[in-house]
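Each remark here refers to the structure printed beneath this line.
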Amino acid sequence: MELNASLSLVRPEIILSFSALALLLLAAWREQAGRLVSILAVAALGAAAAFVISFMMNGTDVSAFDGLLVNDAFGNFSKILIFIAAAISLMIAPRFLEKAGAMRAEYPVLILLSCIGMGVMVSATDLITLYIGLELQSLSAYVLASFVRSDGRSAEAGLKYFVLGALASGMLLFGASLVYGFAGSTSFAAIGTAMDTDVGLGLIFGIVFILSGLAFKISAAPFHMWTPDVYEGAPTPVTAFFASAPKVAAIALTIRIVLEAFGSQILVWQQIIIAVALMSIIIGAVGAIGQQNLKRLMAYSSINNVGFILIGLATGTEQGIAAMLVYLVIYVAMTLGSFVCLMQLKGHDGGYREEFADIAGLSKTRPALAAALAIFMFSLAGIPPLFGFWGKLVVFNAAVAANLLPLAVIGITASVIGAFYYLKVVKVMYFDDAADVIAESDDKVLVWTGGLLAAANSPLGYFAIPALGIWTAYAARALF
Amino acid sequence: MNAADIPVLSIMLAIPVVAAALCLFVRAELARTVALVATLLNLVLGVVLWLNYDPAGAQWQFTESATLFGPIGWRLGIDGISLTLIMLSVFLMPICIGASWTSIQKRVGEYMAAFLLMETLMIGVFAAQDLLLFYIFFEAGLIPMYLIIGIWGGQDRIYASYKFFLYTLLGSLVMLIAMLWMIQFAGTADIPTLLNTDFPVEAQKWLWFAFFASFAVKMPMWPVHTWLPDAHVQAPTAGSVILAGVLLKMGGYGFLRFSLPMFPQASADFIPLVFGLSMVAVVYTSLVALVQQDMKKLIAYSSVAHMAIVTVGLFTFNQQGIEGAIIVMLSHGLVSGALFLCVGVIYDRLHTREISRYGGLSVNMPKYALLFMLFTMASVGLPGTSGFVGEFLSLAGAYKVSTWATFIATTGIILGAGYMLYLYRRIAFGPQVNADAAAMSDVNGRELWLLAPIAVVVLWMGVYPETFLAPIRRDVATIVDRVAPAAPAGDSKLKLVDPTTARYRVVHSPEKNMAEGSH
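So the sequences go chain by chain: V and B. Oh and the first sequence: position 112 is 137 in my numbering, straight run, nothing missing. Oh and the second sequence: position 375 is 355 in my numbering, straight run, nothing missing.
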């Protein structure tokens, strides 16, 4: 395919690249332009998303750059979700970062660069492009984690993330080279063809290493150790970003490589995915019980949720992938909403609070905030009638349809353990005596985003089920 | 017909939700009034349902159907069994609001909102005709109840609220997997269709167990009943009323709606298990009730014993047994609710639930003593009260299946008489040993208005149960027909030719035909 046609298929990424570079120039020119750059970055994401939506509407399914990338419904669906999550992360951040003295123009630029990386990740059909996208995203993320330079915890989080992330990238690269060596190609399609006939030990090793590296990126157990530390140390808006957009991208990437490259040998990877899923669910649930810091709690919650999402992948069916996408959409809404609520926990002295003791009796002093957080907690726990229930339901439905009954039963039983700590948050806010440390929120953006996301997670969200079902099914079909 | 076009059930579900939203934003006095008006409005609609329900008409009436939520069908409809349980819910709700009128002083708006949401969810459980919709209503009830126990409960409310939530959640989740399997097997989540789907016998066993895990906890059956005494003791009075009055009935309703007609063969296979657990429950929890020092705990244990009689009745596979079980459920809903209210009346005055702190209340509280006596007798199962009708029918039904189970379950009634009369003696009779208890004033107008309607219905049900049996008869017969091929043989066979007693035997021809037609 000629270059022009290929370039036209990556218009969203091109827009983002040029915007990021232009905004970087603007930032160099005016140091304190954080807010302006943020607004422009959101606009750039909007423009990119408009192109993605038009691809989605036209049903584009074409590969570009001689099979290095593909522009299909699955990638486009993931991109829309990523761009929305990134835009929300941009909108909620300014006031928080200003408070920390770190609202510099690099923040939106790094988010945009990260989005380009994620756009490449979800549409990569070759191990090389996969790695480039992943690294672009990861490098931006390392810098974002330590964005508040003056805060020791933030710097530590960035360093930790970088060292462990580099290790994971190394494992992934090692796996990729093994697969290349034994399959003879870096293209997913060619690897798939090579695996049709015979899977040798070398290929299996390669697959295991690739999946291990990816498990690190999606913070699935047993490669989850970095998550609580990084989530706790990074500035809260950055944590909200980490928990949403990059997770969507990494999971979408995992889905694509597993299905397109290794799809023909389901028995090879299914056991790995099942083990990782169950371990994540259980470790995410048990690990959270003793936490006193709410951001650490959310980190374990995200590990737990990744476990549920992977149950969809373990099925290896179109229904399972569609279920994962539904869960991802709801997960993004739940997790961003929870972080928006956590960002509103500001003490009377103006400092940010993130401990359990600070939200004691919050329902008496800040009823609306407590109600919103309670909605997110019940939703994360998957209790009907909140929308989080629907995500769990479709995933388990896919598992039942694929005859993975033991997995479904164990997974759903383990979710009771998770319910315990979500309930603990509600208990502390509603049953305990008021500590009255949290002041009225002065950030209208947070209040409105939190309110809208809470409404989306309330039973009102059920009205979105038909549309969500159609679009996720359409996106999942692109992979089969 | 015009009346049929009005979505009565949806309106009944919507009224409390709207009122709940309103309660959150108004001040305390207004919130109480809003809640009372909303629940009374729903009671009126309930009466409208009752009057317009045609016992001889279609099996499912007042049906509604909308596809707003994709795979979750907004399908509602009721049969006679649902109707009676919905009536029970809407009847108890205004009483609950009244019972909390003065005793709840903190966060009134939120309290009323939680109760109103509870009402929607209860009606939803009994009216849902879609498996997933049922599950959502069934499970969603955990949230308001968790908050009611945790915020407005007693000393150990936090432990009790966790235990309540996690216990029931664990039970229900396994049921969800079973439901998903069923939906995929049958290709639909429509309950009326599923009721006539024949699931493979091997699968039935697993499905039955999954449902059993949920309903046995909800019911609650021994040995998974331990959450109930904690929840009851810690919940505020109205919370206990709704818990004992309606939430426990969801377990029985679940057995009746799902386990029996959908998995008849598995149900028949597991009769020994159900009977065994029920027999243990009747005797064990009755004995436990006998030694309780806390009034609410005593009534809570008596609930477990009564619910065991319900499970015995349900798994008899015959008309009397199941009808009796439903009447026990209704009766227990009213009577235990009333007993909790009676406890609430004196608790509000003395702020203790310890039995020994009272005594001789019939002297200074004659009206209270009379009402309390009536409900004690109804709980014991005295003829003329609702308790008798239900227990008699269900045990008569059980006798056809298992003599031993009936024998042991009947001892529960004797023990029940024991602990209830003992409770009554210690509270209402005897010397007035405690000066503060002796100084308590009799029931006031509000409390009388709470207890009197229940008393009327309890007597009504005891004297003329036909009112309550008429709407359920045909639907029970449908279930009996459905499970007939699997019905157990029974160990109580009358001698066919016995000239000495032949002339005393009464032949119930329709009943007999039904029993024989099944074989």
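Here a beta-carbon is modelled for each residue, glycine too, at the ideal position from N, C-alpha and C.
Closer than 8 angstroms, CB to CB, is residue i near chain B or not?
i	result
residue 219 of chain V	no
residue 408 of chain V	yes
residue 440 of chain V	yes
residue 330 of chain V	no
residue 299 of chain V	no
residue 490 of chain V	yes
Can you give me the C-alpha to C-alpha distance between residue i and residue j, rounded to a whole angstrom?
i	j	result
residue 411 of chain B	residue 131 of chain B	37 angstroms
residue 388 of chain V	residue 215 of chain B	20 angstroms
residue 37 of chain V	residue 77 of chain V	7 angstroms
residue 435 of chain V	residue 412 of chain V	22 angstroms
residue 67 of chain B	residue 284 of chain B	22 angstroms
residue 143 of chain B	residue 379 of chain B	36 angstroms
residue 294 of chain V	residue 109 of chain V	31 angstroms
residue 70 of chain V	residue 112 of chain V	7 angstroms
residue 404 of chain B	residue 135 of chain B	25 angstroms
residue 463 of chain B	residue 381 of chain B	14 angstroms
residue 56 of chain V	residue 374 of chain V	28 angstroms
residue 484 of chain V	residue 424 of chain V	24 angstroms
residue 408 of chain B	residue 95 of chain B	31 angstroms
residue 60 of chain V	residue 128 of chain V	8 angstroms
residue 89 of chain V	residue 363 of chain V	38 angstroms
residue 266 of chain B	residue 391 of chain B	9 angstroms
residue 279 of chain B	residue 321 of chain B	11 angstroms
residue 474 of chain V	residue 366 of chain V	9 angstroms
residue 417 of chain B	residue 392 of chain V	39 angstroms
residue 47 of chain V	residue 202 of chain V	36 angstroms
residue 467 of chain V	residue 107 of chain B	45 angstroms
residue 248 of chain B	residue 389 of chain B	19 angstroms
residue 468 of chain B	residue 129 of chain B	42 angstroms
residue 329 of chain V	residue 337 of chain V	14 angstroms
residue 360 of chain V	residue 283 of chain V	26 angstroms
residue 55 of chain B	residue 201 of chain B	30 angstroms
residue 263 of chain B	residue 31 of chain B	40 angstroms
Looking only at DSSP bridge pairs, what is residue i linked to?
i	result
residue 56 of chain B	B/44 and B/108
residue 377 of chain V	V/371
residue 463 of chain V	V/372
residue 586 of chain V	Outside the displayed span of chain V (26 to 505) sits residue 586 of chain V, for which this structure offers no information.
Can you tell me which of the three DSSP states residue i falls into?
i	result
residue 101 of chain V	helix
residue 371 of chain V	strand
residue 49 of chain B	strand
residue 149 of chain V	strand
residue -14 of chain B	coil
residue 96 of chain V	strand
residue 507 of chain V	Residue 507 of chain V cannot be examined here, being either before or after the span of chain V that is shown, 26 to 505.
residue 458 of chain V	coil
residue 500 of chain B	The first residue shown for chain B is -19 and the last is 499, placing residue 500 of chain B beyond what the model contains.
residue 334 of chain B	strand
residue 125 of chain V	coil
residue 422 of chain B	coil
residue 274 of chain B	strand
Measure from the C-beta of residue i to each C-beta in chain V and report whether the shortest distance is under 8 angstroms.
i	result
residue 144 of chain B	no
residue 499 of chain B	In this prediction, residue 499 of chain B scores a pLDDT of 41, lower than 50, which makes its location untrustworthy; no coordinate-derived value is stated.
residue 119 of chain B	yes
residue 491 of chain B	Model confidence at residue 491 of chain B stands at a pLDDT of 47, short of 50, so the residue's coordinates are unreliable; what they give is reported in the following sentence. Closer than 8 angstroms: no.
residue 49 of chain B	yes
residue -1 of chain B	no
By the criterion of Cβ-Cβ separation under 9 angstroms, what are the contact partners of residue i in chain D?
i	result
residue 186 of chain V	Annotation note: the requested chain D is absent from the structure, which comprises protein chains V and B.
Within 8 angstroms, do at least three Cβ pairs link the stretch 489 to 496 of chain V to the stretch 42 to 54 of chain B? yes
Given 8 angstroms as the limit, is there contact between the stretch 324 to 344 of chain B and the stretch 368 to 379 of chain B, that is, 3 or more CB pairs closer than that? no
Indicate whether the contact test is met: 3 or more Cβ pairs, each with one atom in the stretch 252 to 260 of chain V and one in the stretch 209 to 229 of chain V, closer than 8 angstroms. no
Indicate whether the contact test is met: 3 or more Cβ pairs, each with one atom in the stretch 167 to 182 of chain V and one in the stretch 140 to 149 of chain V, closer than 8 angstroms. no
Evaluate contact between the stretch 96 to 105 of chain B and the stretch 144 to 162 of chain B, counting only Cβ atoms and requiring at least three cross-stretch pairs below 8 angstroms. no
Hey, is the stretch 186 to 204 of chain B in contact with the stretch 237 to 248 of chain B, meaning 3+ C-beta pairs nearer than 8 angstroms? yes
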